[in-house]
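Trainee: Residue 29 in the working numbering sits at position 29 of the sequence shown, and the numbers go up by one each step.
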Amino acid sequence: MIGLGKPAYHINRIIEEANEPFNDEAHIIYVNGANKDKNTALGRLMHDFFCTNPDDMYYEVLAETVRYFKESEEGVQIMCRAMEEMRFEVAQAATMKANERAAKEVKKMNIQYIQRVMQGFACTVEQAMDVLSIPMEKREEYASIVSFLN
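1) Between the stretch 98-115 and the stretch 136-147, can you find at least three pairs of beta-carbon atoms closer than 8 Å?
2) Just list the residues that DSSP pairs VAL31 with in beta bridges.
3) Measuring alpha carbon to alpha carbon, tell me which of ALA94, THR95, MET96, PHE69 ends up nearest MET83.
4) Comparing C-alpha positions only, which one of ASN150, ARG81, ASP56 sits nearest to ARG116?
5) I'd like the ranges of any alpha helix (DSSP H) spanning at least 4 consecutive residues and lying wholly in the stretch 29-89.
6) Can you name the residues that DSSP bridges to ILE14?
7) Might you give, ordered along the chain, the residues of its own chain that have their beta carbon closer than 8 Å to the beta carbon of LEU132, omitting 5 neighbours on each side?
8) Rounding to the nearest angstrom, what Cα-Cα distance links PHE121 and GLN127 in this structure?
9) When the distance is taken between beta carbons, is ASP48 closer than 7 Å to TYR30?
10) Do PRO7 and ASN35 have their C-beta atoms within less than 7 Å of each other?
11) In chain order, what are the residue ranges of uninterrupted beta strand (DSSP E) at least 3 long that sit wholly in the stretch 108-142?
12) If the criterion is Cβ atoms closer than 7 Å, does the pair ALA41 and PRO54 meet it?
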């Protein structure tokens, strides 16, 4: 992401106008996942994070944990449940996003229809919304948008 070839990057907030630390004790450490230098502890850890075979890992605790989740019946069941939950959450998020996009599109189209009816029949925004059967709970919002655009 940062691209300086370092194993890790320490990010601290500063007050730009004074070039002084903000001192809120908030720190970010980005770890370079591409750094797999086996001569450093961090490089070995990055290797292990990307490793799919626990027998090839440097850190035994991590290898045993991976082995548990990949090879034991209980671990595999836990991982399967976790994957199912993740898939469900992703599907829910995608559905919500699609619904939000659809609602925005409907709103945009309704505003255009209101404007066309107003222009075509020389009527007020309220009359146009009556003709289009715009729900009462949307009328105030649509009226303010139409008046802003006109």
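Here a beta-carbon is modelled for each residue, glycine too, at the ideal position from N, C-alpha and C.
Mentor: According to the structure data:
1) yes
2) In the sequence shown, residue 31 corresponds to position 31, counting from 1. Answer is ALA8, bridged to VAL31.
3) The residue given as residue 83 occupies position 83 in the sequence shown. Comparing Cα positions, the closest option is PHE69.
4) Here residue 116 refers to the residue found at position 116 when the sequence shown is read from its first residue. Nearest of ASN150, ARG81, ASP56 to ARG116, Cα basis: ASN150.
5) Secondary structure remark: continuous alpha helix (DSSP H) runs of at least 4 residues inside the stretch 29-89, in chain order: 41-50, 60-71.
6) Taking the sequence shown and counting its residues from 1, one reaches residue 14 at position 14. Listed as beta-bridge partners of ILE14 by DSSP are PRO21.
7) To locate residue 132, count along the sequence shown from 1; it is residue 132. If we look at LEU132 and ignore the five residues flanking it on each side, its Cβ neighbours are ASN110, TYR113, ILE114, VAL117.
8) As a first step, residue 121 must be located in the sequence shown, where it is residue number 121. As a first step, residue 127 must be located in the sequence shown, where it is residue number 127. Distance between the alpha carbons of PHE121 and GLN127: 10 Å.
9) Indexing the sequence shown from 1 puts residue 30 at position 30. Indexing the sequence shown from 1 puts residue 48 at position 48. Cβ distance not < 7 Å, so TYR30 and ASP48 don't count as in contact.
10) The residue given as residue 7 occupies position 7 in the sequence shown. The residue given as residue 35 occupies position 35 in the sequence shown. For PRO7 and ASN35, yes; Cβs fall inside 7 Å.
11) none
12) Within the sequence shown, residue 41 is the residue found at index 41, counting from 1. Within the sequence shown, residue 54 is the residue found at index 54, counting from 1. Against a cut-off of 7 Å, the Cβ pair of PRO54 and ALA41 comes out as no contact.
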